[in-house]
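Have a look at the structure below before the remarks.
Numbering (the UniProt record's numbering), first residue to last: 1 to 282.
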């Protein structure tokens, strides 16, 4: 990006040029457009609950209903162990980071196609779109967390000092969704089939994550491979922070964070390298 002065003018217009370097990511511009990020997040929250009968209550109803179904099927019928804690709290503590991750991934994965009119009309850092889409579900997470506190009081589950680490596991869920979402939303611009794959991917991913069951049910010989799923560390860490259940495997957590970091860096590079063609293809 270069600045050139107009003759007989005090204004300095901005000349926008595409990135010529693969690693010229231009991340500094994200801070310059931070107010737009706030607007996009707020718009996504408003649009999500616009013209709904119960409004933002869906942020609470969805995880509560899922928790009730899990409690009946996995807790009562299948007798899945819950680390010695009441199964409703056990399941709900996992549903919070999982629902945040799934909603963030679903929205970010289709965010570019959903904002096609905005992309073709005005310039701004395109990375703001999936970033805003991944951030908006934090509002749902906040309201759901209030329900979790109520469940803990009802079942007399005492919070632990591990709750200080909750932001770390929320951040891991956020970065996991953003990392995968960057790849999916970029591919979705050219291959619209990706939009149909995302819901199936999320559904399959849930069963591959310890949402309805503890990670200890996975055989020891598969633990390393299982840890490549970044949501394993996030969910188990969330449970440990909330209930003081079995201490998470910090080696597995480190593997998960490594996978997230590589996926995120690769996703940003792929996104920035491809964004010059978004307006032409979308």
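Just so you know, even glycine gets a beta-carbon here, dropped at the ideal spot from N, CA and C.
Inter-residue CB distance, residue i and residue j (contact presumed, cutoff 8 Å)
i: residue 96; j: residue 168; result: About 14 Å; that fails the 8 Å criterion.
i: residue 42; j: residue 49; result: Their Cβ separation, rounded to whole angstroms, is 12 Å, which puts residue 42 and residue 49 out of contact at 8 Å.
i: residue 285; j: residue 242; result: Only positions 1 to 282 of the chain appear in this structure, which leaves residue 285 out of reach.
i: residue 157; j: residue 85; result: 7 Å
Close beta carbons around residue i, own chain, < 8 Å, minus the five adjacent residues each side
i: residue 44; result: 107, 132, 133 and 136
i: residue 63; result: 92, 95, 96, 99, 144 and 147
i: residue 279; result: 119 and 120
i: residue 281; result: 189 and 190
i: residue 23; result: Note that residue 23 scores a pLDDT of 47, beneath 50, so its modelled location is shaky; the value from the coordinates is reported in the next line. These residues qualify, in order along the chain: 269.
i: residue 178; result: 104, 108, 130, 131, 134, 264 and 267
Contacts around residue i, its chain only, beta-carbon distance under 6 Å, and the 5 residues preceding and following it disregarded
i: residue 271; result: 182 and 186
i: residue 82; result: 90
i: residue 75; result: 87
i: residue 160; result: 244
i: residue 155; result: 86 and 89
Whether residue i touches residue j by CB criterion (9 Å)
i: residue 174; j: residue 148; result: no
i: residue 256; j: residue 232; result: yes
i: residue 176; j: residue 105; result: yes
i: residue 172; j: residue 237; result: yes
i: residue 240; j: residue 248; result: yes
i: residue 36; j: residue 112; result: no
i: residue 125; j: residue 40; result: no
i: residue 253; j: residue 227; result: yes
i: residue 219; j: residue 80; result: no
Own chain, CB closer than 7 Å to residue i, minus 5 neighbours either side, in chain order
i: residue 184; result: 109, 194 and 198
i: residue 71; result: 87, 88 and 91
i: residue 66; result: 95
i: residue 151; result: 88, 89 and 92
Contact with chain B by residue i, beta-carbon distance below 9 Å
i: residue 149; result: In the structure shown, chain B cannot be found, because there is only a single protein chain.
Problem set entry | Given 8 Å, three or more beta-carbon pairs between the region 129-138 and the region 195-204 | Touching, no, given that fewer than three Cβ pairs across the two stretches are closer than 8 Å.
Exercise. In chain order, which continuous runs of the alpha helix (DSSP H) of length 4 or greater are located wholly inside the region 58-117?
Worked result: Secondary structure in the region 58-117: the alpha helix (DSSP H) runs of 4 residues or longer, each lying completely within the stretch, are 58-70, 87-109 and 111-114 in chain order.
For this session: Taking only runs that begin and end inside the region 207-254, name each unbroken alpha helix (DSSP H) of 4 or more residues, in chain order.
Result: Restricting attention to alpha helix (DSSP H) runs no shorter than 4 residues, the region 207-254 encloses them at 223-226 and 230-243, ordered along the chain.
For this session: At 4 residues or longer, and completely inside the region 129-196: list those alpha helix (DSSP H) runs for me, N to C.
Result: If we require 4 residues or more, the alpha helix (DSSP H) runs fully inside the region 129-196 come out as 138-154 and 166-190.
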